[in-house]
Amino acid sequence: MGSKRRSRAASAQWVPLVRLAHARSGDKGDTANVGLIALKPAYYDVLRREVTAARVTRHFRGVIGGPVERFELPNLGALNFLLHGALGGGGTLSLKTDAQGKVFSTALLRMAVPVPAGILRD
Amino acid sequence: MTTRIVRIAAGQGFWGDWPEAPVHQVLDGPIDYLMMDYLAEVTMSIMQKQRTRDARMGYARDFVPLMDELLPELIRREVRVTANAGGVNPPACAEAVLEAARRRGLAGKVRIGVVTGDDLLDRLDGLLAKGHALTNMDTGAPLSSVREHVQSANAYLGAQPVVDALGQGVDLVITGRVTDTGLTLGPMIHEFGWAADDWDRLAAGTVAGHIIECGAQASGGNCLYDWQRIPGMERPGYPIIEAQPDGTFVVTKHEGTGGRVSVPSVKEQLLYEMGDPQNYITPDVVADFTTIDVRSAGANRVGVRGIRGRPATDMLKVSIAYFYGYKAVGTLVYAWPEAYAKAQAANRILRARLKALGLTFEETLTEYVGVNATHGPLAGPPSPDLPEVQLRIGVRARERAPVERFTREIAPLILNGPPSVTGFAGGRPKVEEIVAYWPALIPKHLVTPSVTVLTA
Chain A
0 MGSKRRSRAA SAQWVPLVRL AHARSGDKGD TANVGLIALK PAYYDVLRRE
50 VTAARVTRHF RGVIGGPVER FELPNLGALN FLLHGALGGG GTLSLKTDAQ
100 GKVFSTALLR MAVPVPAGIL RD
Chain B
0 MTTRIVRIAA GQGFWGDWPE APVHQVLDGP IDYLMMDYLA EVTMSIMQKQ
50 RTRDARMGYA RDFVPLMDEL LPELIRREVR VTANAGGVNP PACAEAVLEA
100 ARRRGLAGKV RIGVVTGDDL LDRLDGLLAK GHALTNMDTG APLSSVREHV
150 QSANAYLGAQ PVVDALGQGV DLVITGRVTD TGLTLGPMIH EFGWAADDWD
200 RLAAGTVAGH IIECGAQASG GNCLYDWQRI PGMERPGYPI IEAQPDGTFV
250 VTKHEGTGGR VSVPSVKEQL LYEMGDPQNY ITPDVVADFT TIDVRSAGAN
300 RVGVRGIRGR PATDMLKVSI AYFYGYKAVG TLVYAWPEAY AKAQAANRIL
350 RARLKALGLT FEETLTEYVG VNATHGPLAG PPSPDLPEVQ LRIGVRARER
400 APVERFTREI APLILNGPPS VTGFAGGRPK VEEIVAYWPA LIPKHLVTPS
450 VTVLTA
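If you're matching them up, the sequences are chains A and B in order. At position 117 of the first sequence (counting the first as 1) the number is 116 in numbering that gives the first Met the number 0, and the numbers step up by one without a gap. At position 153 of the second sequence (counting the first as 1) the number is 152 in numbering that gives the first Met the number 0, and the numbers step up by one without a gap.
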């Protein structure tokens with residue numbers, strides 16, 4: 000296990016999610032959702048392994064107030080995230096430019112994750 | 000063997016969507032149904048206000064001239080319409096369309112099914128008295144805490160009243176708060192005779208409805224995947240469902256139109272406003288989005304199959320709108336050099352002045368457009384050489400007075416604040432009334448949809 004982790008770390012390359020996925024987001028009250036969709040089938044495993052609810056919570060620290068939930072849609076090669084307390088009250092209450100959470104999708108695509116060497120070439 | 004196909008075309012994804020879209024859908028190729036979704040969460044309260052001022056109002060007014068223009072073609076081509084354009088006053092909407100039909104010499108030729116029963120505003124006190132708390136699904140607060148501020152209350156009806164109306168042979172179905180998906184599922188149930196407990200097929204029709212309910216968002220609009228190479232977006236084809244009796248369907252668009260229907264464009268729309276994908280709850284069924292099989296079926300054709308559903312719940316969602324307070328947003332643009340520093344200085348000065356005036360707000364939010372308005376701190380430090388930055392500052396309060404006073408503090412900064420400022424074309428910011436959204440649940444058996452058929 001330990002050696003496996005070392006070898007992965009040694010051969011891993013960090014890339015922003017925009018290289019691995021496309022995304023769309025929307026709102027429900029004060030919650031933004033982000034659907035993260037693998038650009039290629041082989042990338043879905045990387046997304047599932049690396050883009051955990053805990054890491055997405057860290058990524059959005061200072062941006063959202065509530066917890067992050069994650070759902071898997073292997074049939075679409077996609078993950079769905081609910082970012083709670085993300086929209087400054089949501090809907091009509093919000094003073095934010097992005098009151099409807101339309102661009103949380105691309106904010107998530109800034110997040111960097113380690114990918115196995117070679118996977119981007121295939 | 001030929002399979003019977005029913006074509007359901009999306010004409011509007013929201014109230015204010017592209018006026019050309021429904022016209023193109025009818026004229027550019029064969030369709031059987033034109034589906035138009037007009038209602039968003041707070042639309043009902045806007046319509047309720049209009050109805051309070053004038054009892055003949057309270058619906059999507061632009062639907063009437065659109066139908067006036069399209070009716071002769073709809074009749075000639077035998078295209079039927081399902082639309083929730085009726086808002087809080089479906090009978091008035093239908094009457095206005097019939098009046099237009101008569102003016103066009105179509106008397107006796109147009110029949111409209113009007114769906115009502117969703118409006119609970121006059122029943123609220125009775126419901127609360129009977130112990131239905133209409134608790135806010137997000138916050139857990141009882142409706143009694145905002146009861147006197149409620150402006151509209153509508154249960155989300157499902158596909159069934161649409162099916163009932165179509166069964167009476169009407170040309171148009173005009174509804175109030177019927178779910179977006181019910182407007183697409185309704186025609187499928189009507190055409191194919193799906194049973195009320197055929198959960199997999201009902202889920203399939205619901206997923207089809209979800210895919211086209213936002214119009215062009217499924218056919219190349221707002222599509223991040225390969226967006227620069229999506230062709231012909233000056234005239235995008237809106238999505239069309241080619242439905243089959245077994246619940247499988249193809250998402251496509253008319254030949255010769257722009258945009259693109261692809262597996263990525265459909266996947267993006269499937270995930271739009273998604274919650275728990277295994278529990279997509281509608282009045283008709285609980286659809287499982289983890290069972291959807293999406294694959295290419297040719298150019299601008301995406302095949303969808305495999306969808307599973309589970310029994311509907313015994314509750315309906317209620318969309319309640321209530322008066323909350325006031326807000327205003329002011330903006331100023333600062334130019335190079337030190338554009339960001341100037342905007343930050345203006346923000347400090349403005350906030351100090353608001354404080355000196357003793358104004359208190361529930362929230363004051365500053366954003367710098369060009370620096371952090373969309374991605375916040377995730378955008379990283381800005382270039383020191385930005386050509387311009389827009390200062391955008393908003394306030395919200397329960398009372399009007401402090402918000403009103405705030406709106407008079409923006410313009411003075413042009414002459415008595417940091418230099419190189421412009422972009423104040425709009426004048427003083429507008430004070431906006433905030434009508435907030437209150438989602439709740441109600442037992443299904445308390446809501447009875449009804450269908451009335453009117454003839455021109």
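Yeah, the Cβ is synthetic: ideal placement off N, Cα and C, and Gly gets one too.
Considering only their Cβ atoms, is the gap separating residue j from residue i smaller than 8 Å?
{"i": "VAL301(B)", "j": "VAL328(B)", "result": "no"}
{"i": "VAL149(B)", "j": "TYR321(B)", "result": "yes"}
{"i": "ILE210(B)", "j": "ILE111(B)", "result": "no"}
{"i": "ARG76(B)", "j": "LEU165(B)", "result": "no"}
{"i": "THR178(B)", "j": "PRO282(B)", "result": "yes"}
{"i": "LEU156(B)", "j": "GLY181(B)", "result": "yes"}
{"i": "PRO428(B)", "j": "ILE409(B)", "result": "yes"}
{"i": "ALA77(A)", "j": "LEU270(B)", "result": "yes"}
{"i": "HIS58(A)", "j": "TYR224(B)", "result": "no"}
{"i": "LEU107(A)", "j": "LEU38(A)", "result": "no"}
{"i": "LEU364(B)", "j": "LYS27(A)", "result": "no"}
{"i": "LEU120(B)", "j": "SER151(B)", "result": "yes"}
{"i": "GLY100(A)", "j": "LEU81(A)", "result": "no"}
{"i": "PHE360(B)", "j": "ALA396(B)", "result": "yes"}
{"i": "MET66(B)", "j": "ALA99(B)", "result": "yes"}
{"i": "SER449(B)", "j": "THR115(B)", "result": "yes"}
Give me the Cα-Cα distance between residue i and residue j, rounded to the nearest whole angstrom.
{"i": "ALA84(B)", "j": "GLY185(B)", "result": "16 Å"}
{"i": "MET56(B)", "j": "GLY305(B)", "result": "43 Å"}
{"i": "ARG6(B)", "j": "LEU26(B)", "result": "14 Å"}
{"i": "THR247(B)", "j": "MET232(B)", "result": "28 Å"}
{"i": "VAL452(B)", "j": "GLY220(B)", "result": "36 Å"}
{"i": "ALA298(B)", "j": "VAL262(B)", "result": "10 Å"}
{"i": "VAL50(A)", "j": "VAL112(A)", "result": "8 Å"}
{"i": "LEU92(A)", "j": "LEU126(B)", "result": "27 Å"}
{"i": "VAL113(B)", "j": "PRO89(B)", "result": "6 Å"}
{"i": "PRO238(B)", "j": "LEU19(A)", "result": "27 Å"}
{"i": "MET110(A)", "j": "ARG50(B)", "result": "48 Å"}
{"i": "ALA8(B)", "j": "GLN227(B)", "result": "25 Å"}
{"i": "ALA378(B)", "j": "VAL62(A)", "result": "11 Å"}
{"i": "LYS326(B)", "j": "LEU171(B)", "result": "39 Å"}
{"i": "GLN47(B)", "j": "PHE13(B)", "result": "17 Å"}
{"i": "PRO411(B)", "j": "GLU337(B)", "result": "21 Å"}
{"i": "SER295(B)", "j": "MET314(B)", "result": "37 Å"}
{"i": "VAL434(B)", "j": "LEU133(B)", "result": "18 Å"}
{"i": "ARG3(B)", "j": "ASP275(B)", "result": "33 Å"}
{"i": "TRP17(B)", "j": "GLY175(B)", "result": "21 Å"}
{"i": "PRO244(B)", "j": "PRO376(B)", "result": "51 Å"}
{"i": "ALA286(B)", "j": "ALA203(B)", "result": "8 Å"}
{"i": "MET43(B)", "j": "THR138(B)", "result": "21 Å"}
{"i": "VAL109(B)", "j": "MET187(B)", "result": "22 Å"}
Output needed for residue i: all residues of its chain with C-beta closer than 7 Å, excluding positions within five of it in sequence on either side, in chain order.
{"i": "ARG101(B)", "result": "ALA455"}
{"i": "PRO381(B)", "result": "TYR339 and VAL370"}
{"i": "TRP460(B)", "result": "The structure shown does not extend to residue 460(B), since chain B is modelled only from 0 through 455, so no value can be given for it."}
{"i": "VAL265(B)", "result": "ILE210, ALA217, VAL250, VAL293 and VAL301"}
{"i": "GLY84(A)", "result": "ASP29, ILE63, GLY64 and GLY65"}
{"i": "VAL356(B)", "result": "Strictly speaking, residue 356(B) in this sequence is Leu, with Val absent from that position. Within the same chain, LEU356(B) has close Cβ partners ARG404."}
Grab me the residues of residue i's own chain with a C-beta within less than 6 Å of its C-beta, minus the 5 sequence neighbours each way, in chain order.
{"i": "ARG391(B)", "result": "THR330, GLU366 and VAL368"}
{"i": "ALA466(B)", "result": "Chain B is shown only over 0 to 455; residue 466(B) falls outside these bounds and no answer can be derived."}
{"i": "THR56(A)", "result": "VAL67"}
{"i": "LEU119(A)", "result": "none"}
{"i": "PHE103(A)", "result": "SER24, ALA31 and VAL33"}
{"i": "PHE62(B)", "result": "ALA84"}
Between the options, which has its C-alpha nearest residue i's C-alpha?
{"i": "GLU68(B)", "options": "TRP226(B), THR406(B), GLU19(B) and HIS148(B)", "result": "GLU19(B)"}
{"i": "TYR58(B)", "options": "ASP163(B), PHE405(B) and ASP36(B)", "result": "ASP36(B)"}
{"i": "HIS444(B)", "options": "ASP117(B), VAL145(B), LEU412(B) and ARG347(B)", "result": "ASP117(B)"}
{"i": "GLN277(B)", "options": "LEU75(A), THR30(A) and ALA37(A)", "result": "LEU75(A)"}
{"i": "GLN216(B)", "options": "ALA396(B), GLN11(B) and SER449(B)", "result": "GLN11(B)"}
{"i": "PRO235(B)", "options": "GLN167(B), CYS222(B) and ALA242(B)", "result": "CYS222(B)"}
{"i": "SER318(B)", "options": "PRO411(B), ALA439(B), ALA378(B) and TYR325(B)", "result": "ALA439(B)"}
{"i": "ASP384(B)", "options": "TRP335(B), HIS374(B) and GLU212(B)", "result": "TRP335(B)"}
{"i": "SER459(B)", "options": "HIS253(B), TRP193(B) and HIS374(B)", "result": "The displayed coordinates of chain B run from 0 to 455. Any statement about residue 459(B) would go beyond what the structure contains."}
{"i": "VAL293(B)", "options": "ASP275(B), ILE30(B) and GLU267(B)", "result": "GLU267(B)"}
Please list, in chain order, all residues of the same chain as residue i whose beta carbon is under 8 Å from its beta carbon, the five residues on each side excluded.
{"i": "ALA11(A)", "result": "PRO113, VAL114, PRO115 and ALA116"}
{"i": "GLU72(B)", "result": "VAL25, LEU26 and VAL78"}
**Message:** Suppose only complete runs of 3+ residues qualify. What are the beta strand (DSSP E) ranges in the segment 103-149 of chain B, listed by chain order?
**Reply:** 110-115
**3 or more residues per run - each beta strand (DSSP E) lying fully within the segment 65-89 of chain A** = 67-72 and 77-82
**Complete alpha helix (DSSP H) runs within the segment 7-31 of chain B (minimum length 4 residues, chain order)** = 19-26
**Item:** beta strand (DSSP E) runs contained entirely in the segment 280-351 of chain B, provided each spans 3 or more residues
**Value:** Unbroken beta strand (DSSP E) stretches of 3 residues or longer found wholly inside the segment 280-351 of chain B: 285-287, 292-295, 301-304, 307-309 and 314-334, given in chain order.
**Whole runs of the alpha helix (DSSP H) within the segment 344-412 of chain B, excluding any shorter than 4 residues** = 399-405
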